Every structure is written in C-alpha cells, then in structure tokens.
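Shown next, in structure tokens, is the structure this report addresses.
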Amino acid sequence: MIVRRRGLLGLGLASGGGLLLAGCDRIAADPTARAILFKGEDMQRGLQRALTDRDALAPEFRADQRSPFFRPNGTRDPGTPEYGRLAEGRFADWRLAVGGLVTRPLSLSLADLGSLPQRAQITRHDCVEGWSAIGKWQGPRLGDVLRVAGLRDAARYLVFRCADRYGGAPYYESIDLRDAFHPQTILAWALNDRFLPIANGAPCRLRVERQLGYKHAKYLMSVEAVASLDGVGKGRGGYWEDNVDYDWYAGI
Amino acid sequence: MAPPPPPGTSVFRHRLATRVWHWINAVALFVLVGSGLGISNAHPRLYWGVYGANWDPAWLELPHFPGWLTIPGSYNLAMSRRWHLFFALVLAFALLAYMIASLVNRHFRRDLALRRGELSPAHLAEDVRDHLAFRFHDRDDPGRYNTLQKLSYVLVVFVLLPLVIATGLALSPGMNAAWPWLLDLFGGRQSARSIHFLTMAALVGFTVVHLALVILAGTRNEVRSMLTGRWRVPREPAA
Chain A
7 MIVRRRGLLG
17 LGLASGGGLL
27 LAGCDRIAAD
37 PTARAILFKG
47 EDMQRGLQRA
57 LTDRDALAPE
67 FRADQRSPFF
77 RPNGTRDPGT
87 PEYGRLAEGR
97 FADWRLAVGG
107 LVTRPLSLSL
117 ADLGSLPQRA
127 QITRHDCVEG
137 WSAIGKWQGP
147 RLGDVLRVAG
157 LRDAARYLVF
167 RCADRYGGAP
177 YYESIDLRDA
187 FHPQTILAWA
197 LNDRFLPIAN
207 GAPCRLRVER
217 QLGYKHAKYL
227 MSVEAVASLD
237 GVGKGRGGYW
247 EDNVDYDWYA
257 GI
Chain B
-10 MAPPPPPGTS
0 VFRHRLATRV
10 WHWINAVALF
20 VLVGSGLGIS
30 NAHPRLYWGV
40 YGANWDPAWL
50 ELPHFPGWLT
60 IPGSYNLAMS
70 RRWHLFFALV
80 LAFALLAYMI
90 ASLVNRHFRR
100 DLALRRGELS
110 PAHLAEDVRD
120 HLAFRFHDRD
130 DPGRYNTLQK
140 LSYVLVVFVL
150 LPLVIATGLA
160 LSPGMNAAWP
170 WLLDLFGGRQ
180 SARSIHFLTM
190 AALVGFTVVH
200 LALVILAGTR
210 NEVRSMLTGR
220 WRVPREPAA
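Chains A and B, in that order, are what the protein sequence lines are.
If you read the first sequence in my numbering, its first letter stands for residue 7, the second for the next number, and so on.
If you read the second sequence in my numbering, its first letter stands for residue -10, the second for the next number, and so on.
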C-alpha cells in the first residue's frame, strides 16, 4: 500500500512537472510577466558593461586554431537581381553608403575600404544556436570610417542595412556607439586572407566581436547613424529582434 | 548532551534563509533545465575545444528534446533564451545571497561541515548500509544531516552550482572579453558548453535522488519542514 502511494506520488510529481512546464508558456503569454522576463536582457547588458572595460578585447587566436571550414549561416546568397549584378562585376560597382547623422556622407568602394588603415583579427564567431567557428577577418575599423564621416552629436546608434531580404524587407541590424567605436569592430571584406565568399557576406560584413553572430550583418549596403531605433523597422533594432524576440544586446 | 528527541517530537530544522533559497533555487533550476533543453535543440551537438560547428567532430550528438521537456513547449530559441538568461540571474544571485546568509547564520558550519571521522571508510560504509535500510537519521541527533547527505549538498552548493554558473558565463562573448581567464580555465567555449551540459545532467541526477529520498523519508513531513522549518522526528526501522 505504502509502495503504491509512493508510486502515485512519483507519478504526481512527474505530471506536476509537465503541468508546470506548460504553465511557463501561459506565464510568457501574459504581457506583464513577459515584460519582466524581457528585462533580463537589460540586466545582463547592464551587468556585463559594468564588468567590462569599454575597449576590452574579444579573445584572439593563433592561425592554427582556425576552424578548418568556416560555417556560413543565415542567407548563403541574397539571390536578388541587384545583388547578382554586383557579384557578376566582382563588386566593382558596389558602394557602401555611410549616412544619417553625419556631417560628410560617404560612398565607399571596396578599394576605399582597402585604402583605410586595416585591422586583421582571428576571432571566434558564436552563433546564437550554440556553435562556434574561428576565422581571420580583415577590414577598416568602423570607428575610423565614422571619424571620416563625422558623427553628429545626436547620433546614438548605427543601423546596418543589407542586400539580403527577409520577408520582403532588407535584413538589418544595429549597434550602439560603445560597440561601434570598439577597436575590434571592423567592416570586414576578407575572410582567411581571401575576399569574403558570398556565403559569408560578400563583399563586406560587420564584425562586432563581443556579440553573437546575428549582429554581424552580412552583404552590407549602408551604414546609417541615427538618434533612436524607434523609426527603424519595427523599432527593436534588427530583423530577428523585430520578428522573433531575439535580444538586441547579444553579448550573452 | 541533551537526550535525543523521541519520535513524533517536532523540532526546528531549517532556517528561513535555507527555506527561501531552497524554493527559489528549485524554481530557477526547473526553468533553467527546461529552457536549456530548448536551447540545446537549436544545435544538439557537443564539442571539445575552442571551436565547433557542423563540420567539426562532435563528441556527443544529443537527442531532440521533446516539447514536454522544454520551455517553451514548442521550439522557440529566442523565448528559451529569454527564460534561461533571466533565471540564470535568479540562480546566481540567490546562490550568492544564500552563501552569505549561511556563513552569517552558521548553517554551513553547523550542518554541512564534515566532522572528524565522517569520511572514514567504515563510517561511509555504515552510512550506505543505513540508506539501503531506509534509515536516514541519527538516533541521537535526528535533525543532523548524515554523511552522504552532507557530501551531496556540499557537492551541489560548492561545486555543481558554481560550475554551471561559471561555464554559463563562459558562453557569453561579452564575458569572454571581460574575463578571458574564465574561458581559458575551461579550455575554450565549446568545452565550456560541454561542461555546462554535463553539470546540468549532474544537477538533474541529484534532483531525482533528492526527490526519491524525500518520498522515502516521508513527503509530507519533509516538504512541511522546508516550508515552515518544523520537522517531526520520524519513527525509523531499528538498526
């Protein structure tokens, strides 16, 4: 009898656990609970930034520590006619527009990017899914480009728009000035000493090394300095942030 | 020494800090395991070393965890992460507060510190025999934790929970820049991810045994003592 009662209890615990798990979905559907849950991102960002020097560097690696094959993810080829034409011309006609709250809007070719002081770094790319790949990236620092363009005082965020489209709209991402002027934040046009392959974001992608992979916008077309993210996309700072609740701060 | 309290006597066993932490920790672990399994489904492969992706050899390919084990109940990496990263803070700061409180109220010293002779093979063997006979309490001092109990609590509080928190932090690219030594300690991010998973499995193993022993020791009495602090000395099989 006692054994049976204990067995029932165990069963009760197990099914109670199942109910609790289902209860979590009910909780997440409640707007207040959801708002509290989503505050976790602000807390993590606040804590991390309090612990991290502004210019603390992401770990860099030796050449022999690189992944044998650098896994591409997300869009492997934007596949639009405009992008196809650019790729056919080996991106000779590609220009990166730097605009918004700047005193001197720029239009930069690949050669322009190559003529700025370069930074090369072997860093680890961490996908939000959990995998990591290590590769060598090269390009000018975003901070140097922004200094040439002359950022206005009102600018708070940089918005990156891409050639690949998701649901009809261009992929986009955004970072704040702290990451924009970080020494490892570069506009990379080379991966492992070769021009960026199309699968990895040719001709140029953002590297923002202290955050997860989806922040590293590929197929860059423009960089826009803005005062607020409110008017951009759905206002949450990126395609994934707008559409599937990814964190805007992806340092964790 | 005071005479041992006879069976049926109600004694005060768990201080407030212990009880509050126990339940916060139970909720946090529950949410973290469920959401963690949801995150695992996004890339169910574990690697050793600094990198690891689909073309690299995995040491373990995990199964797809079904919806009745994950938070949320249908695959949603973004929401699993929201749950996980919020309750990670709950787990870490609750543990910190509990550790400080348990130093101040001497819970660690009084209840968890091993006494002379407790680790001797003879004593451990006796403790194992007592467990197999469902005798969990010292007749002379029934409120005391037995040695295996102490060892498992010490393992959870001072090894597994700190380890699961530290390996979790090592997965964060932001923290890698802040504390690169943490990453080196675990031998790279993918190693840290593997250790994070294994530590979770150990914590789940502890929880299963813990719940089984709660049931065997008397669910109502044990749960009530963790709610009110008061515990009734049970009648146990004779030695």
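Even glycine gets a Cβ: it sits at the ideal position worked out from N, Cα and C.
Being a predicted model, the structure only gives us computed values, none of them experimental.
N- and C-terminal bounds of the beta strand (DSSP E) containing residue i
i: Asp132 (chain A); result: 124 to 132
i: Gly136 (chain A); result: That residue, Gly136 (chain A), is in no beta strand (DSSP E); it is neither H nor E in DSSP.
i: Asp170 (chain A); result: 163 to 172
i: Arg221 (chain B); result: 219 to 221
i: Gly106 (chain A); result: 102 to 106
i: Val0 (chain B); result: -1 to 1
i: Leu193 (chain A); result: 192 to 194
i: Ser113 (chain A); result: 112 to 114
Buried/exposed call for residue i, threshold 16 Cβ in 10 Å
i: Lys221 (chain A); result: buried
i: Ser113 (chain A); result: exposed
i: Asn43 (chain B); result: exposed
i: Gly(-3) (chain B); result: exposed
i: Leu108 (chain B); result: exposed
i: Ser246 (chain B); result: The question about residue 246 (chain B) has no answer, for chain B in this structure spans -10 to 228.
i: Ser214 (chain B); result: buried
i: Thr109 (chain A); result: exposed
i: Arg98 (chain B); result: exposed
i: Gly237 (chain A); result: exposed
i: Pro84 (chain A); result: buried
i: Ala102 (chain B); result: exposed
i: Lys45 (chain A); result: exposed
Residue i: first and last residue of the uninterrupted alpha helix (DSSP H) it sits in
i: Arg216 (chain A); result: Per DSSP, Arg216 (chain A) belongs to no alpha helix (DSSP H) and is neither H nor E.
i: Pro61 (chain B); result: Segment: none, Pro61 (chain B) is in no alpha helix (DSSP H) and carries neither H nor E.
i: Phe75 (chain B); result: 66 to 93
i: Pro87 (chain A); result: 87 to 94
i: Val229 (chain A); result: Premise fails: Val229 (chain A) lies in the beta strand (DSSP E), 226 to 232, not in any alpha helix (DSSP H).
i: Asp182 (chain A); result: Unbroken run through Asp182 (chain A) is the beta strand (DSSP E), 175 to 182; no alpha helix (DSSP H).
i: Ser24 (chain B); result: 5 to 29
i: Trp37 (chain B); result: Run containing Trp37 (chain B): none; DSSP gives neither H nor E here.
i: Pro151 (chain B); result: 150 to 159
i: Glu247 (chain A); result: 245 to 250
Same chain only: Cβ atoms within 7 Å of residue i, ignoring 5 sequence neighbours per side
i: Pro(-6) (chain B); result: Val0, Pro131, Val222
i: Ala233 (chain A); result: Leu107, Ala160, Ala161, Arg162
i: Ile8 (chain A); result: For Ile8 (chain A), the predicted model reports a pLDDT of 49, less than 50, meaning its position is unreliable and no value from the coordinates is stated.
Nonlocal neighbours in the same chain, by C-beta distance under 6 Å from residue i, ignoring five residues either side
i: Arg147 (chain A); result: Arg125, Ile192
i: Gln50 (chain A); result: Ile258
Beta bridge counterpart(s) of residue i as assigned by DSSP
i: Pro189 (chain A); result: In DSSP, Pro189 (chain A) forms no bridge with anything.
i: Gly120 (chain A); result: Per DSSP, none; premise fails for Gly120 (chain A).
i: Arg147 (chain A); result: A:Ile192
i: Phe201 (chain A); result: A:Ala196
Proximity test, residue i beta-carbon vs the ligand NAP heavy atom, cut-off 6 Å
i: Arg200 (chain A); result: Because no ligand of any kind appears in the structure shown, any question about the ligand NAP cannot be addressed here.
Neighbourhood of residue i by C-beta distance below 8 Å, restricted to the same chain and skipping five residues each side
i: Gly149 (chain A); result: Ala186, Phe187, His188, Pro189, Thr191
i: Arg91 (chain A); result: Asp99
- Message: Going residue by residue through the region 100 to 140 of chain B, where are the continuous alpha helix (DSSP H) segments of at least 4 residues, counting only ones entirely within it?
- Response: 110 to 121
- Task: May I have a chain-ordered list of the alpha helix (DSSP H) segments no shorter than 4 residues that lie completely inside the region 162 to 202 of chain B?
- Result: 162 to 167, 169 to 175
- Query: Which runs of the beta strand (DSSP E) fall wholly inside the region 28 to 74 of chain A and span at least 3 residues, in chain order?
  - Reply: none
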